[in-house]
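Take a look at the structure below.
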Amino acid sequence: DPAVFDIQDDYMAEPFAKYPKIEAQFRKAAQQPGKFFMNYVSTAALMPPRWNADRLNPQVHSFLERSETAGWTGLGIVPLDYPNQRGGLVESLIRHNPVG
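What the sequence shown shows, in our numbering, is residues 2 to 101, in sequence order.
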């Protein structure tokens, strides 16, 4: 149901084309509290998952650490490949999705 769920899952986009979609989904989630968001960072485009993750995860982490996004919450579920290869990324996502 699009009134409840909003999912970004362009799983065949190359990292260069995928990142703007990821950022746009985060912005939308911040502007629409109460809706359920999923924002897939992982992609299966052309290269191995690790190669794609090495390009996307640092960009996502940098975006989440900007002063602009400091108070943003409710960014939703964010599936990632190799999230622990980028120190602090998982913790940053958790900060943007507090419990309760």
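Each residue gets a CB set at the ideal place from its N, CA and C atoms; glycine is no exception.
Predicted model only: the values in this text are computed from it and were never measured.
For the alpha helix (DSSP H) containing residue i, name the first residue and the last one.
| i | result |
| --- | --- |
| Ile95 | Leu90 to Arg96 |
| Gln32 | Pro16 to Gln32 |
| Gln60 | Pro50 to Leu65 |
Would a C-beta distance cut-off of 8 angstroms place residue i and residue j closer than the cut-off?
| i | j | result |
| --- | --- | --- |
| Asn58 | Arg87 | yes |
| Val61 | Phe37 | no |
| Asn98 | Leu76 | yes |
| Asn85 | Val91 | yes |
| Ser93 | Glu66 | yes |
| Gln26 | Gln9 | yes |
| Lys22 | Asp11 | yes |
So is residue i in contact with chain D if we call contact Cβ pairs under 8 angstroms?
| i | result |
| --- | --- |
| Val61 | The structure shown contains no chain D; it is built from a single protein chain. |
Please classify residue i as buried or exposed, where buried requires at least 16 other C-beta atoms within 10 Å of its C-beta.
| i | result |
| --- | --- |
| Glu74 | The sequence given here has Thr at residue 74, not Glu. It is exposed - the Cβ of Thr74 has fewer than 16 other Cβ atoms within 10 Å. |
| Val42 | buried |
| Asp82 | buried |
| Pro16 | buried |
| Ala30 | buried |
| Ile95 | exposed |
| Ala14 | buried |
What is the residue span of the beta strand (DSSP E) that residue i lies within?
| i | result |
| --- | --- |
| Ile161 | With the chain running from 2 to 101 in the structure shown, residue 161 is simply not present. |
| Asn40 | Phe37 to Asn40 |
| Gln9 | Phe6 to Gln9 |
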